[in-house]
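Single-structure report; data block below.
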Amino acid sequence: MALPPDRLEAAHRALVERFGPDRVLTDFRDRMAYAYDATGIKYPPDVVVFPLSTEDAADAVRIAAHHGLPIVARGGGTNISGGTVPIRGGLCLALNRMDRILDIDPENHTATVQPGVRNLALQEALKPHGFFFAPDPSSHRVSTIGGNAGENAGGPHCLKYGVTVNHVLGLTLVLADGSVVRLGGPEQDRPGFDLVSLLVGSEGTLGIITELVVRILPLPAEVRTLLAVFDDLEVAMRTVSDIIAARVVPATMELLDRGTIEVVERFARAGYPEDAEAVLLIEVDGPQESVAEELDRVEAICRRNGARDLRIAQSEAEREALWLGRRAAYGAAGRLSAYVWTQDVTVPRDRLVEMLRACQAIGRKYGIRIISVAHAGDGNLHPLVAYDPQDADQVRRVKAADREILEACVALGGSISGEHGIGHDKLPNLELQLGPDLLGLMWSVRRAFDPDLRLNPGKAVAAPSRNV
Ligand SMILES: Cc1cc2nc3c(=O)[nH]c(=O)nc-3n(C[C@H](O)[C@H](O)[C@H](O)COP(=O)(O)OP(=O)(O)OC[C@H]3O[C@@H](n4cnc5c(N)ncnc54)[C@H](O)[C@@H]3O)c2cc1C
Numbered sequence: 104m105a106l107p108p109d110r111l112e113a114a115h116r117a118l119v120e121r122f123g124p125d126r127v128l129t130d131f132r133d134r135m136a137y138a139y140d141a142t143g144i145k146y147p148p149d150v151v152v153f154p155l156s157t158e159d160a161a162d163a164v165r166i167a168a169h170h171g172l173p174i175v176a177r178g179g180g181t182n183i184s185g186g187t188v189p190i191r192g193g194l195c196l197a198l199n200r201m202d203r204i205l206d207i208d209p210e211n212h213t214a215t216v217q218p219g220v221r222n223l224a225l226q227e228a229l230k231p232h233g234f235f236f237a238p239d240p241s242s243h244r245v246s247t248i249g250g251n252a253g254e255n256a257g258g259p260h261c262l263k264y265g266v267t268v269n270h271v272l273g274l275t276l277v278l279a280d281g282s283v284v285r286l287g288g289p290e291q292d293r294p295g296f297d298l299v300s301l302l303v304g305s306e307g308t309l310g311i312i313t314e315l316v317v318r319i320l321p322l323p324a325e326v327r328t329l330l331a332v333f334d335d336l337e338v339a340m341r342t343v344s345d346i347i348a349a350r351v352v353p354a355t356m357e358l359l360d361r362g363t364i365e366v367v368e369r370f371a372r373a374g375y376p377e378d379a380e381a382v383l384l385i386e387v388d389g390p391q392e393s394v395a396e397e398l399d400r401v402e403a404i405c406r407r408n409g410a411r412d413l414r415i416a417q418s419e420a421e422r423e424a425l426w427l428g429r430r431a432a433y434g435a436a437g438r439l440s441a442y443v444w445t446q447d448v449t450v451p452r453d454r455l456v457e458m459l460r461a462c463q464a465i466g467r468k469y470g471i472r473i474i475s476v477a478h479a480g481d482g483n484l485h486p487l488v489a490y491d492p493q494d495a496d497q498v499r500r501v502k503a504a505d506r507e508i509l510e511a512c513v514a515l516g517g518s519i520s521g522e523h524g525i526g527h528d529k530l531p532n533l534e535l536q537l538g539p540d541l542l543g544l545m546w547s548v549r550r551a552f553d554p555d556l557r558l559n560p561g562k563a564v565a566a567p568s569r570n571v
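Mapping to my numbering: the sequence shown position 414 is 517, numbers consecutive.
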């Protein structure tokens, strides 16, 4: 519900008084720049504030609460679930200027960062120390560590190393009333509930993260990257299971199908063979001896399964070139149309082929072309469809296909959100996976943190009645 103009005016005045005009945006055109995420849904916030510290964020939250404004935390705005879209207006807390790396502690394998540090900036800062941060979403150039925590982001390397929740040790959090708490920390085994894990993936609904202590890992001594080219998509997918079954856990196993390869080659020229039905991008890392042995085993399995070509990067430049295609996949798909519907489903790895077949059948049923890219090792599939939002019939067919894909995923024992969160987009589908009891429990947790439902309303978790 829109705030009456006089109350909004009063909130603007209080924010400008506290932060100065340079750190508060009220002009409509300025606010529109904070109206979107990667889904294409757009709602402008009523006001945007740029905090630089925990104290700033706490004051902004207090002022917003006093004037009855909803509060949406925003990092890089790259989420694909409507997570940062201020669907009920209110205050956008743009955390991207809180971008300082406060500490790198190689002795304790931790780093302390503000939430607006970009993922790639942290990786680059860690490299000279011989460390890396394992979560590496393909949006790593733009997405922030705060946003990675907000969505519990995954990424190619999460197959071996785990997702963001496995790498966040401590958080400083501004609660809905503006009070500040510190959760967890570098030391292990704190008493009480593990609220850090609860917060990671909570999509800005339980508090605003203003500082994170994250686990950092030593860079592996050796990394080898291989592109395996297949003439059969299902065989490529089965190869993923065969590799894991052979007790090799590569750092990454990414899959691109023919449609994605075509798009990537058209717009990014990564050098993938355009007539292939699928490519697998596999990386093994670790001590030199074990990497050599694992690479041999991976190669042997790919050959046995009929891979028609295997390219092993011989230099860092060649490795980067192989990765270019995978990292460019979403961006390239985005060149097909201003609107790309991206689904994010995860199934047990051995059911990935069935999930893929279901997507293809659903695509045929609704007459839409679905291309797929997958963190295949995790069983995480991203069907993509470029569509025209002005074409009502196309939109209807895409929506119907979307729902059926989620139903198929649940039927296969999967999760309707692999790594992109629920946000606004998937909220109506949450009931497919969570029954009323679980939804009710999650709703109680949300209300315990935020009784007035001010933090990112209409996202992530709905009341069992969905009367949010
Ligand atoms: C091209 C492309 C590739 C992608 N690849 C991947 C991938 O490989 N793996 C993956 O998991 N995702 C991927 N994504 C999705 C997205 O990039 C990730 O979810 C990412 O973690 C979001 O980070 P962000 O900084 O952009 O967060 P935002 O989009 O700004 O925010 C995400 C959510 O977190 C909340 N939030 C942000 N900051 C805070 C904070 N400080 N405190 C509390 N809540 C906060 C927001 O309110 C929102 O709900 C991709 C997206 C694109 C566009």
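Ideal Cβ placement from N, Cα and C applies to all residues, glycine included.
Predicted model only: the values in this text are computed from it and were never measured.
Around the beta carbon of G517, a 10 Å sphere encloses 16 or more other beta carbons of the protein chains shown; the residue is thus reported as buried.
Taking non-hydrogen atoms of ligand 1 into account, the C-beta of L359 is found less than 6 Å away from none of them.
Collapsing the DSSP output to three states places T157 in a helix. Following the DSSP letters along the chain, one finds H478 inside the beta strand (DSSP E) bounded by residues I474 to H478. Of the residues T181, A252, E419 and R460, the one whose Cα lies closest to the Cα of T313 is A252. For R121, same chain residues with a beta-carbon under 6 Å away, outside a window of 5 residues either side, are D162 in chain order. Here Q217 is buried, its C-beta having at least 16 other C-beta atoms within 10 Å.
Shortest gap from the CB of Y433 to any heavy atom of ligand 1: under 6 Å. The DSSP-derived three-state label of L262 is helix. By the criterion of a C-beta distance shorter than 7 Å, T187 is surrounded in its chain by D140, V175, R177 and G180, once the five residues flanking it on both sides are discounted.
For the pair of segments examined, the segment 342-362 was found not to touch the segment 295-302: the number of CB pairs separated by less than 8 Å stays below three.
It is roughly 9 Å from the alpha-carbon of D555 to the alpha-carbon of A168. Of the residues R550, N559 and L558, the one whose Cα lies closest to the Cα of A566 is R550. Ranked by how close their Cα comes to the Cα of S246, the residues T213, I319, R200 and L276 have R200 in first place.
Scanning G482, A461 and L487 for the CA closest to the CA of I473 turns up L487. The residues L262, in chain order, have a CB closer than 6 Å to that of D481 in the same chain once the five nearest residues on each side in sequence are set aside.
Residues of the same chain with a CB within less than 8 Å of the CB of Q226, apart from the 5 flanking positions on each side, are F235, F236, D239 and H243 in chain order. The beta carbons of A441 and V366 sit no closer together than 7 Å. Burial state of K562 is buried, judged by a 10 Å Cβ sphere holding 16 or more other Cβ atoms. Between the alpha carbons of G265 and A256 lies a distance of about 10 Å. Burial of F153 is indicated by the presence of at least 16 other C-beta atoms within 10 angstroms of its C-beta. Unbroken beta strand (DSSP E) runs of no fewer than 3 residues, entirely contained in the segment 134-192, are found at 150-152 and 174-177, following chain order.
Of the residues assessed, S305 falls on the buried side of the cut-off, its CB having 16 or more other CB atoms within 10 angstroms. Proximity of the segment 506-526 to the segment 129-139 falls short of the contact definition, fewer than three beta-carbon pairs being nearer than 8 Å. Distance from the CA atom of Q536 to the CA atom of V513, rounded to whole angstroms, is 7 Å. Rounded to the nearest angstrom, the Cβ distance from F552 to A160 is 16 Å, too far for a contact under 8 Å. Short of 7 Å from the beta carbon of R126, and not among the five residues preceding or following it, lie these beta carbons of its own chain, in chain order: V152 and F153. A residue is called buried once 16 or more other Cβ atoms fall within 10 Å of its Cβ, and R467, having fewer, is exposed. V271 sits close to L315, with the two beta carbons spaced by under 7 Å.
Membership of N251 in the alpha helix (DSSP H) is indicated by the continuous run I248 to E254. When DSSP states are grouped into helix, strand and coil, L322 belongs to the coil group.
Under the three-state reduction of DSSP, F131 is assigned to helix. Unbroken alpha helix (DSSP H) stretches of 4 residues or longer found wholly inside the segment 379-448: 391-407, 419-430 and 432-437, given in chain order. Taking a contact to require three or more Cβ pairs closer than 8 Å, the segment 355-370 and the segment 326-342 qualify as touching. Under the 8 Å Cβ criterion, the segment 456-467 does not count as touching the segment 410-420, having fewer than three qualifying pairs. CA-CA distance, A371 to W546, rounds to 44 Å.
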